[in-house]
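>
Residue numbers (my numbering): 26 to 197.
1) What number of angstroms, rounded off, separates the C-alpha of residue 85 from the C-alpha of residue 167?
2) According to DSSP, is residue 189 helix, strand or coil?
3) Within its chain, find whatever has a CB closer than 6 Å to the CB of residue 222; leave out the 5 residues flanking it on each side and keep chain order.
4) Excluding the 5 residues flanking residue 49 on each side, which residues of the same chain have their C-beta closer than 6 Å to its C-beta?
5) Using a threshold of 8 Å, state whether the C-beta atoms of residue 214 and residue 74 are closer than that.
6) Using the Cβ count rule (16 or more neighbours within 10 Å means buried), how would you classify residue 96?
7) Look at the alpha carbon of residue 81 and the alpha carbon of residue 64, and state the distance between them as a whole number of angstroms.
8) Should residue 190 and residue 98 be called a contact, given that it needs their Cβ atoms to be closer than 8 Å?
9) Bridge partners for residue 131 per DSSP, in chain order?
10) Let's see if you can read the secondary structure: which residues bound the beta strand (DSSP E) around residue 171?
11) Starting from residue 217, trace the alpha helix (DSSP H) both ways and give me its first and last residue.
12) Below 8 Å between beta carbons: does that hold for residue 77 and residue 130?
13) At what residues does the beta strand (DSSP E) containing residue 106 begin and finish?
14) What separation, rounded to the nearest whole angstrom, lies between the Cα atoms of residue 67 and residue 194?
15) Can you tell me whether residue 112 is buried or exposed, with buried defined as 16 or more other CB within 10 angstroms of its CB?
16) Decide if residue 38 is buried, meaning its Cβ has at least 16 other Cβ atoms within 10 Å, or exposed.
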């Protein structure tokens, strides 16, 4: 009952991410790639992922893509991170390809808002997508962050979802 309690009204400065003790998976070392399939997880010797990131863009391991930056930052802290890029949103099966995440899902629609990416200013459907291999349009749904979150919930109900990216901040 006599434990100290913080009753301060002033916000404390956030600790830097690198000040936390690394997660236990740090012993695996950095992965040469972030897995996108069960076969790639087997090559790394992983039985499961701690965090699975879902994105509406094609995955490119380059700093100009947000998912690669987030994934590599989390991996540097010792988490086992998997990526599901441009999943088929019609069913929950593509969201089960890496198994159940141990900690949470990280969901984003991609580098561009899905409605802007899909429709022109005249409300006509675009024929191309700059963030899809081959410039093929129609690979992501309208309001992709909402749809991807629903499919994650269908795949594994009890896993928390962290929503981020342009749609997460615009459509609060």
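Heads up, the beta-carbon is just placed ideally off N, CA and C, and yes, glycines get one too.
Once the coordinates are examined:
1) 22 Å
2) coil
3) For the chain, the structure presents residues 26 to 197; residue 222 sits outside this window and is missing.
4) Confidence at residue 49 is low in this model, with a pLDDT of 49, below 50, so its placement is unreliable and the value that follows should be read with caution. Here the set comprises nothing.
5) Shown here, the chain extends from 26 to 197; a query on residue 214 therefore has no answer.
6) Result: buried.
7) 22 Å
8) no
9) 78, 187
10) From DSSP, residue 171 is part of no beta strand (DSSP E) but of the alpha helix (DSSP H) over 169-180.
11) Outside the shown range of the chain (26 to 197) lies residue 217, about which nothing can therefore be said.
12) yes
13) 106-110
14) 35 Å
15) buried
16) exposed
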